[in-house]
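Written below as structure tokens is the structure these notes are about.
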Amino acid sequence: MNMIQTKDTKFYLRFGTPEDAGLVLSFMKKLGQYQKMSDKIIATTEGIRKLLAEEKGEAIFGLYKGQTVGMVYFCQTSSAFIGQTGLYIDGFFIDEAVRSKGLGKIMMSFMSKLALDRGCHRLEWGCLDWNEPTLQFYKSMGAYDVGNMTIHRFAPEQLRSNAALF
7 MNMIQTKDTK FYLRFGTPED AGLVLSFMKK LGQYQKMSDK IIATTEGIRK LLAEEKGEAI
67 FGLYKGQTVG MVYFCQTSSA FIGQTGLYID GFFIDEAVRS KGLGKIMMSF MSKLALDRGC
127 HRLEWGCLDW NEPTLQFYKS MGAYDVGNMT IHRFAPEQLR SNAALF
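Using my numbering, the first residue of the sequence shown is number 7, and each one after it goes up by one.
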């Protein structure tokens, strides 16, 4: 297992593998519970394993004193607006017991470095409007909200309905 040493000698990062699908899912369930959206986490271990195996998604885990305490799940994107690539964080969670130790900042710093190393020009993610502690954390690192956009989505049933129109 390749470990990446961070500035905190007790904190290491490692990239996830398809075998970590269950661990990704457990962190997504923790995130869903924190966001009061547990019912929205409908992924399966098999689905996550497939995403990781096909490199359609990636995970990075944070290990503090040997325990896995954080995860970032992300994928690469591209934009016709700027003609460049970026990384999109779909899930980011640090266990409550180790929050305020700077581990989240280390993980976001690593994600920023990874984006640059991959030739990306931006790192993006979503955050619920009511989640003030997390919004403040992101702002403290220099993040800004797009503010003039609402994300819209077609779920599977709308996809099928709209595809039938073609």
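Positions of the beta carbon are idealized from the N, C-alpha and C atoms, including for glycine.
DSSP places ALA65 in the uninterrupted beta strand (DSSP E) bounded by 64-70. Residue state for ARG166 is assigned as helix, using DSSP reduced to three classes.
Here LEU171 carries a coil assignment [DSSP, helix/strand/coil]. C-alpha of TRP136 to C-alpha of ASN154: approximately 17 Å in a straight line. For GLY53, the enclosing alpha helix (DSSP H) begins and ends at 51-59.
For LEU120, the enclosing alpha helix (DSSP H) starts and ends at 109-123. If you draw a 10 Å sphere on the C-beta of TYR18, you find 16 or more other C-beta atoms in it, and that means buried. With a cut-off of 8 Å on Cβ pairs, the stretch 23-38 is in contact with the stretch 48-64, counting three or more such pairs. By the Cβ-count criterion, LEU165 is exposed, with fewer than 16 other Cβ atoms from all chains shown falling within 10 Å of its own Cβ. Annotated as proximal: GLY68 and MET113, with beta-carbon spacing under 7 Å.
For LEU134, there is no enclosing alpha helix (DSSP H), as DSSP marks it with neither H nor E.
Inclusion of MET117 and VAL78 in the CB contact set at 7 Å is warranted, their separation being smaller than that value.
Separation of LYS16 and GLY97 (C-alpha to C-alpha, rounded to the nearest whole angstrom) is 23 Å.
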